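Trainee: Here it is, the structure in full.
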Amino acid sequence: MDRDTWIFMGLVVLALIFVSIVYFSFSTSIPIGTLVFLLIPLIWNCIVKRRSAKYLGFVFDDFFRNVGLGILIAFALVIFMIIIELNFQVESSVRELMLRSKSPVFIFLESFSFPESVLMFFMYNFLVQTFGEEVFFRGFILRGLLNRVKKHFAIIISSLLFGAVHLPLLFIAPGLVSLFFVINSVLIGIIFAYIFVKRKSLIPSWIAHTIANTFALIFI
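Here it is, written out as structure tokens:
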């Protein structure tokens, strides 16, 4: 196996360890489902098909430019969140949504003081949630679709699937905020998919997704 595949597998192992610690320390299985997004691409791509993790877009070529692009995208997303909050004041609605959906953010907010809670949530996103979502929806789903359909169809289909996994929010906490989250997921999915196609790397969207999710703590 090449370097990138070893790094990818090492990060998946770290994700498993992190989830195990959260599970046994806080008696919650919330992060376990997200591991499916990592394990399916790992098993199918690296073990069954014996492909490099580069096939999933897990590459370190042009690393610093991709990280910089991810930070730039995150900055734009953060500005967007601030504008939404200033104009619509959704903090209380977001808090209710996160509470009803039993978001992992509350595990860390209730168990750690600032800034430890932010650090833990950042680690959870970096190693588990956003890492898994980017690997699965961009590296696995989108990459597979690009081999079968035209680029624009692949981007739209993968983004709709990304939005679909957020649909349960509409049943957990019906309302405009939940609907906004679903629509926003589709739109962000399109942006991240387009970047993946252009850069052929998961790094920009992974970094942007992690920073944006962590910054969302200000609404809780």
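Last residue of the sequence shown: 1138 in this note's numbering, with the numbers rising by one and none dropped. Beta carbons: idealized from backbone N, C-alpha and C, even for Gly. Fair warning: this is a prediction, and the values are worked out from it, not measured in the lab.
#1: Grouping DSSP H, G and I as helix and E and B as strand, with all else coil, what is His1084?
#2: Which residue's Cα is closest to the Cα of Ser1096: Phe936, Arg968, Ile1108 and Ala1082?
#3: Inspect the beta-carbon positions of Ile1108 and Ile1059 and report whether they are closer than 8 Å.
#4: Quick test of the definition: if touching needs 3 or more C-beta pairs under 8 Å, does the region 1054 to 1069 touch the region 1026 to 1041?
#5: Are the CB atoms of Leu901 and Ala933 nearer to each other than 8 Å?
#6: Relative to the C-alpha of Gly1084, which residue among Val940, Asp922, Ser1021 and Arg1013 is closest?
#7: Go through its chain and collect everything with a Cβ distance to Ala992's Cβ below 6 Å, but skip five positions before and after it.
#8: Look at the alpha carbon of Leu1120 and the alpha carbon of Phe976, and state the distance between them as a whole number of angstroms.
#9: Comparing C-alpha positions only, which one of Ile965, Ser1076 and Ile1101 sits nearest to Phe1110?
#10: In this structure, does DSSP put Gly1093 in helix, strand or coil?
#11: List the whole-angstrom C-beta distance separating Ala1091 from Leu1015, where the pair is believed to meet the contact cut-off of C-beta under 8 Å.
#12: Among residues of its own chain, excluding the 5 on either side of Arg1066, which ones have a beta-carbon nearer than 8 Å to its beta-carbon?
#13: Classify Asn1005 as buried or exposed, calling it buried when 16 or more other Cβ atoms lie within 10 Å of its own Cβ.
#14: With a CB to CB cut of under 6 Å and the five nearest residues on each side skipped, what residues in its chain are close to Ser1103?
#15: CB-CB under 7 Å to Phe944, same chain, minus the five flanking residues each way: which ones, in chain order?
#16: Considering just the uninterrupted stretch of the alpha helix (DSSP H) at Pro1022, what are its terminal residues?
#17: Near Leu929, which residues of its chain fall below 6 Å by C-beta distance, leaving aside the five closest residues on each side in sequence?
#18: Excluding the 5 residues preceding and the 5 following Leu1017 in the sequence, name in chain order all residues of the same chain whose CB lies nearer than 7 Å to its CB.
Mentor: Taking the definition as stated:
#1: On the sequence shown, position 166 is the one that residue 1084 refers to. Coil, per DSSP.
#2: Walking along the sequence shown from the start, residue 1096 turns up at place 178. Of Phe936, Arg968, Ile1108 and Ala1082, the residue nearest in Cα terms is Ala1082.
#3: The residue given as residue 1108 occupies position 190 in the sequence shown. The residue given as residue 1059 occupies position 141 in the sequence shown. No, Cβ-Cβ distance for Ile1108 and Ile1059 is not below 8 Å.
#4: no
#5: Summary: the structure shown does not reach residue 901, with the chain confined to residues 919 through 1138, and so no result is reported for it.
#6: Position 166 of the sequence shown holds residue 1084. Looking at the sequence itself, residue 1084 is His, so the reference to Gly does not match. For His1084, the nearest C-alpha among the options comes from Ser1021.
#7: Taking the first residue of the sequence shown as position 1, residue 992 is located at position 74. Within the same chain, Ala992 has close Cβ partners Ala1126, Ile1129 and Ala1130.
#8: Within the sequence shown, residue 1120 is the residue found at index 202, counting from 1. Within the sequence shown, residue 976 is the residue found at index 58, counting from 1. About 6 Å.
#9: The sequence position of residue 1110 within the sequence shown is 192, counting from 1. Minimum Cα distance to Phe1110 is reached at Ser1076.
#10: Within the sequence shown, the letter at position 175 stands for residue 1093. Coil.
#11: Walking along the sequence shown from the start, residue 1091 turns up at place 173. Walking along the sequence shown from the start, residue 1015 turns up at place 97. Between Leu1015 and Ala1091 the Cβ distance is about 5 Å, and since that is below 8 Å, they are a contact.
#12: Against the sequence shown, residue 1066 aligns to sequence position 148. Hits under 8 Å: Ala1072.
#13: Here residue 1005 refers to the residue found at position 87 when the sequence shown is read from its first residue. That one is exposed.
#14: Counting from one through the sequence shown, the residue named residue 1103 turns up at place 185. Answer for Ser1103: Phe1080, Gly1081 and His1084, listed in chain order.
#15: Residue 944 sits at position 26 when you count from the first residue of the sequence shown. For Phe944, where only same-chain residues beyond five positions count, the Cβ hits under 7 Å are Ile1025 and Ser1029.
#16: Numbered from 1 along the sequence shown, position 104 holds the residue referred to as residue 1022. That run of the alpha helix (DSSP H) goes Pro1022 to Ser1029.
#17: Within the sequence shown, the letter at position 11 stands for residue 929. For Leu929, where only same-chain residues beyond five positions count, there are no Cβ hits under 6 Å.
#18: Taking the first residue of the sequence shown as position 1, residue 1017 is located at position 99. Cβ within range, chain order: Phe1024.
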